[in-house]
Amino acid sequence: MSNNGWRDIPIGGVLETPGSSVGYKTGGWRAFRPIRDAAKCTDCMLCWMFCPDSAVQVSNSQVIGIDFEHCKGCGICARECPLKCIEMIEETQAQAQAEARAEGISS
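What follows is the structure in structure tokens.
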């Protein structure tokens, strides 16, 4: 076996655009959903810093919501929140609450 230098190694694949999760909505298989109590939140941004999917939405240095199309429900945001204003609830429970709200609005 010969010891090839780095110049002798064939060129591999080329990425034409940087990787991004924008086109890949992954929230559909989430088992738990973060629910943030905005009244308790002090916008410390720890949830935003630790979210591995950039699902915490921020505007003008304030947390404005969660991008549920990309949130995987890992719970890191809730664990890192010093005020515990983020609660992880089961996705089925969140869907039932949303349906109940929708029925209350439509009736």
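According to the working numbering, the stretch in the sequence shown is residues 8 to 114, in order. Every residue gets a Cβ at the ideal spot worked out from N, C-alpha and C, and that includes glycine.
Same chain, Cβ closer than 6 Å to residue i, five either side skipped, listed in chain order
i    : result
S61  : none
A101 : R40
Buried versus exposed, by CB contacts within 10 Å (16 or more), residue i
i    : result
I16  : exposed
R40  : buried
G111 : exposed
I71  : exposed
Close-in-space but distant-in-sequence residues of the same chain around residue i (CB under 7 Å, 5 per side omitted)
i   : result
C92 : R43, D44, K47, C48
L22 : none
A85 : P41, I93, E94, M95
V63 : C54, W55, V70, I73, C84
F57 : I83, C84, E87
Straight-line Cα distance separating residue j from residue i
i    : j    : result
R37  : S68  : 27 Å
W55  : G34  : 17 Å
L90  : G20  : 46 Å
E97  : T24  : 36 Å
E106 : M52  : 30 Å
S117 : Q104 : Any property of residue 117 remains undetermined from this structure, which presents the chain solely from 8 to 114.
Among the options, the one whose alpha carbon lies nearest that of residue i
i   : options             : result
G30 : L53, H77, A105, F57 : H77
P59 : R108, G80, I18, R14 : G80
E87 : D50, Q104, F75      : D50
F75 : G12, K32, S66, N11  : K32
Same chain, Cβ closer than 8 Å to residue i, five either side skipped, listed in chain order
i   : result
G82 : F39, P41, M95
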